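A short write-up of the structure that comes next.
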Amino acid sequence: MEQRNNVTEFVLLGLTQSVQGQRTLFVVFLLIYLVTMMGNLLIVLTVVFSPTLHVPMYFFLGYLSFLDGVYSTTVTPNMIIDLLCEKKTISFQACMIQLFIGHLFGGADIILLVVMAYDRYVAICKPLHYLTIMNKQVCILLLLLTLVGGFLHGVLHPLFVYNLRYCGPNVIDHFICDMYPLIKLACTDTYITVLTVLANDGAIALVIFTLLLISYGVILRSLKNVSQEGRHKALSTCSSHITVVVLFFVPSIFIYVRPPCTLPIDKYLTVFYTIITPMLNPLIYTLRNGEMKNAMKKLWIRKRK
1 MEQRNNVTEF VLLGLTQSVQ GQRTLFVVFL LIYLVTMMGN LLIVLTVVFS
51 PTLHVPMYFF LGYLSFLDGV YSTTVTPNMI IDLLCEKKTI SFQACMIQLF
101 IGHLFGGADI ILLVVMAYDR YVAICKPLHY LTIMNKQVCI LLLLLTLVGG
151 FLHGVLHPLF VYNLRYCGPN VIDHFICDMY PLIKLACTDT YITVLTVLAN
201 DGAIALVIFT LLLISYGVIL RSLKNVSQEG RHKALSTCSS HITVVVLFFV
251 PSIFIYVRPP CTLPIDKYLT VFYTIITPML NPLIYTLRNG EMKNAMKKLW
301 IRKRK
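This is the structure:
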């Protein structure tokens with residue numbers, strides 16, 4: 001692809017222009033990032049080293065924690081460093097790479113949430129066939145599907161904005177490179193690009209979110225045939241999944257399912273699903289999961305001996 005424009009770098013305005021505000025946010029987001037990495041790493045290690053968690057549900061949960069850690073790392077460190085810089089710039093090529101990597105892992109996260117919903121459906125609605133249906137080969141195949149789907153989702157974004165002509169200005173009112181802020185700066189026709197965003201981000205997110213809510217509705221409805229203990233455990237697990245789904249999809253849908261425009265609230269919603277949600281996921285899954293908490297305690301005791 002040949003770049004044809006007058007812009008070689010972009011200036012990011014970030015979340016605030018206040019020096020004191022930037023210093024405060026530096027401390028806040030540094031702490032959030034450390035908590036995010038420690039929380040997700042703890043879940044990954046617990047799933048890997050705890051024999052009682054070697055089942056598909058925790059296999060996918062460990063993979064989600066891995067994706068969340070990587071996804072947060074593609075955004076948060078650069079944002080933290082920029083908060084210490086007077087002028088926040090990113091080269092055109094680095095902007096395209098950030099756009100690709102962010103949507104790659106974001107897309108993989110979306111597909112993995114669908115996989116986890118399917119896993120819960122099989123476990124609750126077809127318990128006798130669960131381990132047969134969700135065998136090791138199927139689990140690995142589903143994980144490969146998340147990566148391939150995430151790659152295809154991610155590669156479309158730089159593919160469509162790379163060859164747009166940017167004549168200037170080059171100032172992005174955001175803390176990362178994203179589609180609508182870049183489209184806003186383009187000085188050529190962006191009709192096809194906008195349709196791509198609406199289809200590849202907005203429509204897909206809305207459809208998958210709706211299907212996930214319907215699927216969890218079907219799962220919860222089927223619990224009337226389950227024992228009280230099994231019902232309590234399934235409700236705890238499904239409520240955690242639904243919470244994560246809502247936290248991830250609602251901000252994304254608000255940003256991408258609308259005409260091409262940028263609103264001041266967009267960057268704060270982006271903070272929520274790129275930085276806050278990866279931190280909350282470990283807390284949501286561990287605080288409402290007795291097996292995970294017990295496995296962490298046993299792992300801690302074993303390591304101290």
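The opening position of the sequence shown corresponds to residue 1 in UniProt numbering, with each subsequent residue numbered one higher.
Beta carbons: idealized from backbone N, C-alpha and C, even for Gly.
Bear in mind the structure is a predicted one, so any value in this text is a computation, not a measurement.
Leaving out five residues before and five after I253 in sequence, what residues of the same chain have Cβ atoms less than 8 Å from its Cβ?
-> G202, A205, L206, F209
- Would you kindly work out how many angstroms separate the C-alpha atoms of M1 and H157, rounded to a whole number? In this prediction, M1 has a pLDDT of 46, which is less than 50 and means its spatial position is unreliable; what the coordinates show is noted afterwards. Roughly 13 Å between the two C-alpha positions.
* To do: Check whether the segment 134 to 152 touches the segment 69 to 86, taking contact to mean three or more Cβ pairs, one atom from each stretch, closer than 8 Å.
  => no
CB contact flag (L142, H241, <9 Å)
no
Which same chain residues, not among the five before or five after L105, have their C-beta less than 7 Å away from its C-beta? It should be pointed out that residue 105 corresponds to Phe in this sequence rather than to Leu. Here the set comprises L67, V70, Y71, T74, G150.
Tell me where the alpha helix (DSSP H) around S240 begins and ends.
228 to 256
Would DSSP call E2 helix, strand or coil? Its pLDDT being 49, under 50, E2 is placed unreliably by the model, and nothing is read from it.
For the beta strand (DSSP E) holding T89, just list the boundary residues, first then last. 89 to 91
* **Burial state of R120 (16 or more Cβ within 10 Å)** => buried
Original post:
Is F10 near L269, with beta carbons less than 9 Å apart?
Top reply: no
- Meets three-Cβ-pair contact criterion under 8 Å: the segment 6 to 21 and the segment 92 to 101: yes
Item checked: Nonlocal neighbours in the same chain, by C-beta distance under 8 Å from T196, ignoring five residues either side -> L156, F160
Item to check | Reduced DSSP secondary structure (H/G/I, E/B, other) of V83 | outcome: A quick correction: the sequence has Leu, not Val, at residue 83. Coil.
Neighbourhood of L30 by C-beta, 7 Å cutoff - its chain only, sequence neighbours within 5 removed: I80
inquiry  = Quick check: the Cα distance between P127 and A234, rounded to an integer number of angstroms?
reply    = 12 Å
- Task: Go through its chain and collect everything with a Cβ distance to L147's Cβ below 8 Å, but skip five positions before and after it.
- Result: A108
Between the segment 41 to 58 and the segment 280 to 293, can you find at least three pairs of beta-carbon atoms closer than 8 Å? yes
If you draw a straight line from the C-alpha of Q22 to the C-alpha of Y118, how long is it?
42 Å
T36 beta carbon less than 9 Å from that of P282 | yes
(Q) Looking at D173: is its Cβ nearer than 9 Å to the Cβ of P56? (A) no
Does the distance from the CB of L145 to the CB of V115 come in under 9 Å?
yes
Could you check whether the Cβ of I275 sits closer than 8 Å to any heavy atom belonging to the ligand MG?
Here there are no bound small molecules, and the ligand MG is not part of this structure.
Beta-carbon gap between I255 and Y180 smaller than 9 Å: yes
DSSP has F10 in a bridge; who is on the other side? I90
| request: Just mark M279 as buried or exposed, buried being the case when its beta carbon has 16 or more other beta carbons within 10 Å. | output: buried
Would you identify the three-state DSSP class for I176, choosing helix, strand or coil? coil
Name the one or two DSSP bridge partners that V171 has. V11
Check: What three-state label does DSSP hand H54 in the structure shown?
Finding: coil
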